[in-house]
Amino acid sequence: MLAFGNTRTRSGEVYFGFLYRQVSEVFPLCPVWTLNSGFPIKYFLMSFLVFVSMTPLGKGESVSQYVARVVDIIDKSGLPYVLTPMGTIIEGEDWDEVMEVLKKGFEALKEDCNRISITMKIDYRKGKKGRLIQKVKSVQEKIGRDINIATVEEKKE
Numbered sequence: 001m002l003a004f005g006n007t008r009t010r011s012g013e014v015y016f017g018f019l020y021r022q023v024s025e026v027f028p029l030c031p032v033w034t035l036n037s038g039f040p041i042k043y044f045l046m047s048f049l050v051f052v053s054m055t056p057l058g059k060g061e062s063v064s065q066y067v068a069r070v071v072d073i074i075d076k077s078g079l080p081y082v083l084t085p086m087g088t089i090i091e092g093e094d095w096d097e098v099m100e101v102l103k104k105g106f107e108a109l110k111e112d113c114n115r116i117s118i119t120m121k122i123d124y125r126k127g128k129k130g131r132l133i134q135k136v137k138s139v140q141e142k143i144g145r146d147i148n149i150a151t152v153e154e155k156k157e
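For the record, in the sequence shown the residue sitting at position 9 is 9 according to the UniProt record's numbering, with numbers rising by one throughout.
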């Protein structure tokens, strides 16, 4: 069984809705420089949520072996992500960090794929972190109950 429902991470924390890679407690902070360099630097959090789908064209009906390459790179990056049947959602605090991971995924595909379709949707927000889970949790709270977010089960024969 492959479950995308409420899932327990390796450290024992339960997250709503998805298989979730735990985020470190320490998030990188982005400096806000002041006009007077004698004052301490102020910091604010920022978050990028990036939905990405990289699909090689002309490789037949099943492209999971190619998708697996990209997901492996995302997983090894340490960034929190959610793998869905239609793409992957990645969260990061730094534009360059997220784009570098996606570039590595593209580079891994282009080695033996002459044509690649890439779809991306990006949501940037200052002052927030952990939105990958929080946005889903917020919808559940507004509905007032746990909802079936995504569950995939293999049929038992």
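Idealized CB from N, CA, C, for every residue including glycine.
Whole-angstrom Cβ separation of residue i and residue j, contact assumed at under 8 Å?
i: residue 79; j: residue 92; result: 5 Å
i: residue 73; j: residue 105; result: 5 Å
Do you know how far the Cα of residue j is from the Cα of residue i?
i: residue 34; j: residue 47; result: The predicted position of residue 34 is uncertain, since its pLDDT is 33 and thus under 50; no value can be drawn from it.
i: residue 65; j: residue 122; result: 25 Å
i: residue 119; j: residue 134; result: 24 Å
i: residue 143; j: residue 137; result: 10 Å
i: residue 102; j: residue 145; result: 35 Å
i: residue 63; j: residue 49; result: 24 Å
i: residue 126; j: residue 116; result: 32 Å
i: residue 42; j: residue 68; result: Interpretation of residue 42 is limited by its pLDDT of 35, a score under 50 that renders its predicted location unreliable; no figure is taken from the coordinates.
i: residue 70; j: residue 109; result: 8 Å
i: residue 90; j: residue 129; result: 12 Å
Provide the residue span of the alpha helix (DSSP H) that contains residue i, from first to last.
i: residue 116; result: Per DSSP, residue 116 belongs to no alpha helix (DSSP H); it is in the beta strand (DSSP E), 116-126.
i: residue 105; result: 95-110
i: residue 139; result: 131-143
i: residue 67; result: 64-77
Note the first and the last residue of the continuous beta strand (DSSP E) segment covering residue i.
i: residue 83; result: 81-84
Since residue i sits in a beta bridge, which residues does DSSP pair it with?
i: residue 91; result: 49
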